[in-house]
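In UniProt numbering, the protein residues as written are 1 to 205.
First up is the structure itself, then whatever we jot down about it.
Put into structure tokens, the structure is as follows:
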């Protein structure tokens, strides 16, 4: 799940995904993967992701992985590095989602705060990562799947100190592209949980 086209494009190319025109939002598929471009804003995310999951869980075992860029605190993060979010807090509602990924991995874990507007004043009050969509994705996903099937990967794009929170398209694309090998390894390891669970169900049945 991505919010921006600049985040989606390198993933579509890397995984060789093809357009699926069955939904009223960007959707691409290939090799058991589906990439959704849910857009920005809680209402849009709830509508688009909810519509997809409601249909998809009838046919397949589903995991949801949010992949995108985020702001980061310079004392605890590095621009260009990919992090795994272990706690997502909504700044508006204070609702939190604690995610304990049930696989071994080498990614550094960080907490993440989802805000309504881009932070451009240095973000001193935010200790680790900040984005604008993860809490909404978590909230919607948990209506359809267990939280252990949910993951949030964020590549730090800035230290929340930009005059304008809107990033050039190619910079966002490059940040994702530079982490594709890391993202791919995580996806493969994360998908292995579903294969294991499926095999267990078949044995039990």
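Backbone N, C-alpha and C fix where the C-beta goes; we use that ideal spot for every residue, glycine too.
None of the values given here were measured: they were computed from a predicted structure.
- With a cutoff of 8 Å on beta-carbon distance, residue 129 and residue 111 are scored as near each other.
- Put simply, of 41, 14, 20 the residue whose alpha carbon is nearest the alpha carbon of residue 90 is 41.
- Counting the other Cβ atoms within 10 Å of the Cβ of residue 67 gives 16 or more, which makes it buried.
- Residue pairing of residue 66 in beta bridges, as defined by DSSP: 152.
- By the C-beta density criterion, residue 78 is exposed, having fewer than 16 other C-beta atoms within 10 angstroms.
- Secondary structure at residue 10: helix, using DSSP grouped into helix, strand and coil.
- Residue 144 has its alpha-carbon roughly 32 Å from the corresponding atom of residue 80.
- For residue 173, DSSP assigns no beta-bridge partner whatsoever.
- The Cβ atoms of residue 157 and residue 71 sit closer than 8 Å to each other.
- Per DSSP, residue 108 is not a residue of any alpha helix (DSSP H), being assigned neither H nor E.
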